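Residue numbers (the numbering used here): 2 to 119.
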Amino acid sequence: MPIRALLRYLLNNEQLIQKIADSYPIRRAAQLTAYFIHKGKEIGEEKVEKIKESDVINRLQNEALNSASKLQGKASSTLEKTNRFVNTFSEALKQEWKKAEMKIEEQKKLEGKKKDQR
């Protein structure tokens with residue numbers, strides 16, 4: 002109990018508290034404490050910012066890769082469709098060209114027979 006009373010007396014003595022607060026060791030301890038608190042906060046904020054930036058960069062890279070692969074897939078499917086169309090069109094054109102040539106030959110033969118019959 003006497004220690005409690007003594008501490009209460011010392012802590013309630015404003016002049017004593019002021020002298021202790023003005024002493025070099027206490028001021029220096031307060032300066033160092035404030036420095037380490039602020040430095041730790043600054044370092045923590047920088048690390049959090051780097052993590053956020055790296056997450057953003059990673060997400061952007063992933064989105065770019067996904068978009069590029071989707072675009073490449075669409076381009077290749079469009080190219081395949083175009084190639085199929087061109088092939089189908091050229092085959093149909095060849096067939097129709099042959100049919101037209103055959104009709105022309107038949108007409109020439111018919112005209113030749115008609116001339117022979119006259």
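Where a beta carbon is used, it is the ideal one built from N, C-alpha and C, also for glycine.
Remember, it's a predicted structure, so these values are computed and weren't measured experimentally.
Here residue 27 is actually not in contact with residue 18; their C-beta atoms are around 10 angstroms apart, not less than 8 angstroms. Separation of residue 94 and residue 57 (C-alpha to C-alpha, rounded to the nearest whole angstrom) is 54 angstroms. The alpha-carbon of residue 59 is positioned some 18 angstroms away from that of residue 71. Secondary structure note for residue 103: its alpha helix (DSSP H) is the uninterrupted segment 25-118. Distance from the CA of residue 117 to the CA of residue 104, rounded to the nearest whole angstrom, comes to 20 angstroms. Going by C-alpha positions, residue 53 is about 10 angstroms away from residue 46.
Under the DSSP assignment, residue 14 falls outside any alpha helix (DSSP H); it carries neither an H nor an E label.
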